[in-house]
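Its first residue numbered 106, the sequence shown is counted upward by one per residue in my numbering.
Written out below as structure tokens is the structure these notes cover.
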Amino acid sequence: MADKMRVLFVCAKNDVRSLLAEALLRHTDSSNFEAFSAGLEPGEVDPRTLESLEHIGIETNGLRSKSINEFEGQEFHYVITLCDKSSEEASQMPSSGEVIVWSFEDPTTSEKHEPFRHALQEIHDRIKMFITVKTRQ
């Protein structure tokens with residue numbers, strides 16, 4: 106494959122789910138994909154996001170909350186929304202070959218036991234499936 110597929114993960118604040126997805130895709134298949142993340146209204150990175158990734162040995166250097174505006178004019182093969190708010194705002198997304206809507210519970214408000222571990226696992230499972238489907242073509 107000559108060029109890597111560019112993937113932008115978008116969530117409301119780019120403080121948890123989209124950052125997890127960016128780091129997981131980079132870690133899982135950086136030979137086929139370039140991963141980025143952004144928020145509609147970026148906020149501070151939740152420290153539990155970085156702790157969750159570091160706990161399973163995934164590099165977090167350089168991960169920061171970014172605005173969708175930082176990617177204005179850039180093209181992506183896939184823009185993947187990870188929360189209901191970002192999927193409603195899909196018209197604001199940078200141009201892409203395909204917009205994919207995923208929805209994951211926000212671990213910052215979840216009632217689950219170990220919500221960040223659950224979010225990390227659910228997003229990682231979906232990313233592995235995404236890689237399998239998109240690299241078979």
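Idealized CB from N, CA, C, for every residue including glycine.
Rounded separation between residue i and residue j - CA only
{"i": "M106", "j": "T240", "result": "In this predicted model, M106 has a pLDDT of only 46, less than 50, meaning its place in the structure is not dependable; the value taken from the coordinates is given anyway. Cα to Cα, the separation comes out at about 9 angstroms."}
{"i": "I228", "j": "N174", "result": "24 angstroms"}
{"i": "L130", "j": "I205", "result": "15 angstroms"}
{"i": "P220", "j": "A128", "result": "18 angstroms"}
{"i": "E177", "j": "P147", "result": "15 angstroms"}
{"i": "T237", "j": "R231", "result": "10 angstroms"}
{"i": "G167", "j": "S142", "result": "12 angstroms"}
{"i": "T214", "j": "V121", "result": "11 angstroms"}
{"i": "Y183", "j": "N119", "result": "17 angstroms"}
{"i": "M234", "j": "D134", "result": "12 angstroms"}
{"i": "F209", "j": "A117", "result": "12 angstroms"}
{"i": "D211", "j": "S136", "result": "29 angstroms"}
{"i": "G144", "j": "P152", "result": "17 angstroms"}
{"i": "W207", "j": "E159", "result": "24 angstroms"}
Assumed close pair residue i, residue j - CB separation to whole angstroms, cut-off 8 angstroms
{"i": "I185", "j": "F114", "result": "5 angstroms"}
{"i": "R222", "j": "S123", "result": "Rounded, the Cβ-Cβ distance is 18 angstroms, inconsistent with contact."}
{"i": "E149", "j": "S170", "result": "7 angstroms"}
{"i": "L187", "j": "T154", "result": "Not a contact, Cβ separation roughly 13 angstroms."}
Own chain partners of residue i with C-beta closer than 8 angstroms, once the 5 adjacent residues on each side are dropped
{"i": "I161", "result": "L225"}
{"i": "H132", "result": "I163 and E164"}
{"i": "E216", "result": "none"}
{"i": "H218", "result": "none"}
Own chain, CB closer than 6 angstroms to residue i, minus 5 neighbours either side, in chain order
{"i": "E139", "result": "K109 and R111"}
Same chain only: Cβ atoms within 7 angstroms of residue i, ignoring 5 sequence neighbours per side
{"i": "D189", "result": "S208"}
Original post:
For the segment 149-230, which segments carrying the beta strand (DSSP E) assignment without a break, of at least 3 residues, lie completely within its bounds, in sequence order?
Top reply: 181-186 and 201-206
**OP:** Let me know the alpha helix (DSSP H) ranges lying completely inside the segment 112-143, each 4 residues or longer, listed in chain order.
**Re:** Taking only runs of at least 4 residues, the alpha helix (DSSP H) segments lying wholly in the segment 112-143 are 122-134.
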